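Everything below concerns the one structure shown next.
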Ligand code: TTP
Ligand code: CA
């Protein structure tokens, strides 16, 4: 694969957070409601958990209508600040697993993992690690789609929800996406769907039969993009929303280890990949931090700042190794090590990668 892109989407996000905060809600049908008078049952559903969805309850529905579909449904008033806080933590976790992270809404992100996937036998292995880490730290599940392009990864993440993991390799794209309804494509909303259906176009396969000129009637200037999407050839890049304040990477040993040589080699590899990443942004850094996760999952961080902003690779690894030596005893056993670099300054000269300035969705 030329690129490896993941789309991560949290499951029933607001409702899942409420269930985490109050485990007695876990198996009950709940919705998170918004509006001036939610406690009196007026307003709209922001999201329904999966038990409530079984009764046909969906985002955007009036609470009164949802109550008619299932009278025992529990309404929880929306707590936006809490969800934003959790979102931030989830995005921080995802950031440590990606070459480039593009957050697309409060609970969704694209990850370009092309470089780091090189050290994995299977892309699904990395996705499993991400899912485990989000569950371990935030007690929430997510669904991950993996593919060569953003739009196919997005379709993939929706196929096995909740708690899904779907990899669509290039040779399987056609077979997997052809029978799907056109609404599965990002950017085809209810209006376009209606227009297409009026012309007898229901599935992605139907859409594939149209030439670019035919597509212009429905998608105008974006016809070429959709022509590519249905062929799994969309070219959009994963673009960060804002310049990152820090960059970090982990090495998972897959077992506990106290072998200093192995850990040092792991750190050198992390430093190398981190340096590739920071070079893409054309940043210099000043602070280097070492993360260590012990055999009992306890995590510690130790930091050291340089006297100047620098962009040399050897300074990342030598500082991290120095910090490691100050922590390791004879029988210290570790699961993972990571490095974070921060305190950035833009290096002069060549352009850095593009940063998307688009607004996030309105509820964000
Ligand atoms: P979604 O990702 O669309 O949905 P979800 O996470 O609730 O469920 P799924 O498992 O199908 O991904 O939206 C993310 C959050 O955004 C959702 O939990 C609540 C909020 N939201 C609204 O406030 N209004 C809306 O109309 C939608 C669709 C979502
Ligand atoms: Ca979601």
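Numbering (the working numbering), first residue to last: 1 to 364. Cβ atoms here follow ideal geometry from the backbone N, Cα and C, with glycine treated the same way. In this text the structure is predicted, and so the values were computed from the model without any measurement.
Which same chain residues end up closer than 8 Å to residue 256 when comparing Cβ atoms and leaving out the 5 residues on each side of it in sequence? 295, 333, 334 and 335
CA nearest to the CA of residue 327, picked from 293, 344 and 340: 293
Leaving out five residues on either side along the sequence, give the residues of the same chain with a beta carbon under 7 Å from the beta carbon of residue 27. 51
Please report the residue range of the alpha helix (DSSP H) in which residue 314 lies. 313-327
Which of helix, strand or coil does DSSP assign to residue 4? coil
What are the uninterrupted segments assigned as beta strand (DSSP E) that are 3 or more residues long and contained completely in the stretch 55-110, given in chain order? 74-77 and 100-105
Classify residue 341 as buried or exposed, calling it buried when 16 or more other Cβ atoms lie within 10 Å of its own Cβ. buried
For residue 172, does the count of other Cβ atoms within 10 angstroms reach 16, so buried, or fall short, so exposed? exposed
Short check: CB of residue 154 to CB of residue 7, under 8 Å? yes
Within the chosen definition, does the stretch 102-121 reach the stretch 222-241 through at least 3 CB pairs nearer than 8 Å? yes
Here's the rule: buried if 16 or more other CB atoms are within 10 angstroms of the residue's CB, otherwise exposed. What is residue 266? buried
Output the distance between the C-alpha atoms of residue 97 and residue 103, rounded to the nearest integer angstrom. 13 Å
Rounded to the nearest angstrom, what separates residue 347 and residue 246 at their Cα positions? 15 Å
How would you write the range of the beta strand (DSSP E) that residue 140 sits in, first residue to last? Residue 140 -> no beta strand (DSSP E), and no H or E assigned at all.
Buried or exposed (CB count within 10 angstroms, at least 16 for buried), residue 330: exposed
Distance, Cα to Cα, residue 186 vs residue 151? 7 Å
Reducing DSSP to helix, strand and coil, say where residue 359 ends up. Residue confidence for residue 359 is low, a pLDDT of 46 falling below 50, so the modelled location carries little weight; the figure read from the coordinates is stated next. Three-state result, residue 359: coil.
Return yes when the C-beta of residue 108 is under 7 Å from any heavy atom of ligand 1, and no when it is not. yes
Between the CA atoms of residue 299 and residue 251 - distance to the nearest angstrom: 14 Å
Do residue 161 and ligand 1 come close, with the Cβ less than 7 Å from some heavy atom? yes
List in chain order: all unbroken beta strand (DSSP E) runs of 3+ residues lying wholly within the stretch 140-164. 142-147
Suppose you measure from the CA of residue 301 to the CA of residue 133; what does that come to, to the nearest Å? 17 Å
Closest to residue 371 by C-alpha separation, out of 170, 87 and 339, would be which residue? As shown, the chain starts at 1 and ends at 364. That puts residue 371 outside it, with no answer to give.
How many whole angstroms separate the CB atoms of residue 99 and residue 116, which I take to be in contact at a CB cut-off of 8 Å? 6 Å
Any heavy atom of ligand 1 within a distance shorter than 7 Å of the CB on residue 303? no
When the distance is taken between beta carbons, is residue 21 closer than 8 Å to residue 32? no
Using a 10 Å radius around the Cβ and a threshold of 16 neighbouring Cβ atoms, would you call residue 308 buried or exposed? exposed
At a threshold of 7 Å, does residue 9 count as lining ligand 2 (C-beta to nearest heavy atom)? yes
Applying the 10 Å Cβ sphere with the 16-neighbour rule, what's the burial state of residue 156? buried
Kindly examine ligand 1 and report whether one of its heavy atoms sits closer than 7 Å to the Cβ of residue 166. no
Can we count residue 13 as close to ligand 2, meaning its CB is less than 7 Å from some heavy atom? yes
Close beta carbons around residue 278, own chain, < 7 Å, minus the five adjacent residues each side: 247, 285, 311 and 341
Hey, would you say residue 400 sits closer than 8 Å to residue 68, going by beta carbons? Past the boundaries of the shown model lies residue 400; the chain is included only from 1 to 364, so the question cannot be answered.
Whole-angstrom distance between residue 288 and residue 275, CA atom to CA atom: 12 Å
Given the structure, does residue 87 come close to ligand 1, in the sense that its CB is under 7 Å from one of the ligand's heavy atoms? no
Alpha carbon of residue 189 to alpha carbon of residue 183, nearest angstrom: 7 Å
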